[in-house]
Structures are given as C-alpha cells and as structure tokens.
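Letter by letter, the sequence shown follows residues -2 to 59 in the working numbering.
Idealized CB from N, CA, C, for every residue including glycine.
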Amino acid sequence: MRDKRYDLLFEPVQIGPVTAKNRFYQVPHCTGLGWLRPRMLAALRGMKAEGGWGVVCTEWCS
C-alpha cells in the first residue's frame, strides 16, 4: 500500500497536446556513451517505458 501523499504522481498530466499516464518523467541527460553503445541506451529507455514511466526523453548522442 502506498502513501496517499504521493497519489498525485500516479495521475495523468497534460503536457501541451500530449497526456502522459503519470508524472514520472526521465529528464534528458547525456551519458556520453550514446555513440559507443546506442543499443544499450535504447534498451534502457525501453525498460523505463515498459516499466510505466509517463515520459522518457532521449539524449543527444552524436
């Protein structure tokens, strides 16, 4: 059972014309490894998306 103070995090949020299913947002950041292992980073973003994150931003890798 989760603490009711955090229920807001699990509610949908409107960002411009898009509605995210919750308020979990991975900010864009650069690990510097995108050029070296692009599939690894794509797999990591996929895991977060499948795990229920509302928005997953990608990094610039070139």
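- With a 10 Å radius around its C-beta and 16 neighbouring C-beta atoms as the bar for buried, classify G51 as buried or exposed. Your numbering for residue 51 matches position 54 in the sequence shown. It counts as buried.
- Query: Do you know how far the Cα of V15 is from the Cα of G29?
  - Reply: Within the sequence shown, numbered from 1, the residue matching residue 29 stands at position 32. Within the sequence shown, numbered from 1, the residue matching residue 15 stands at position 18. Taking the straight line from one Cα to the other gives about 29 Å.
- Task: Since I believe L38 is in contact with G48 (beta carbons under 8 Å), could you give me their beta-carbon distance rounded to a whole number of angstroms?
- Result: Within the sequence shown, the letter at position 51 stands for residue 48. Within the sequence shown, the letter at position 41 stands for residue 38. The pair is not a contact, with the Cβ atoms about 16 Å apart (cut-off 8 Å).
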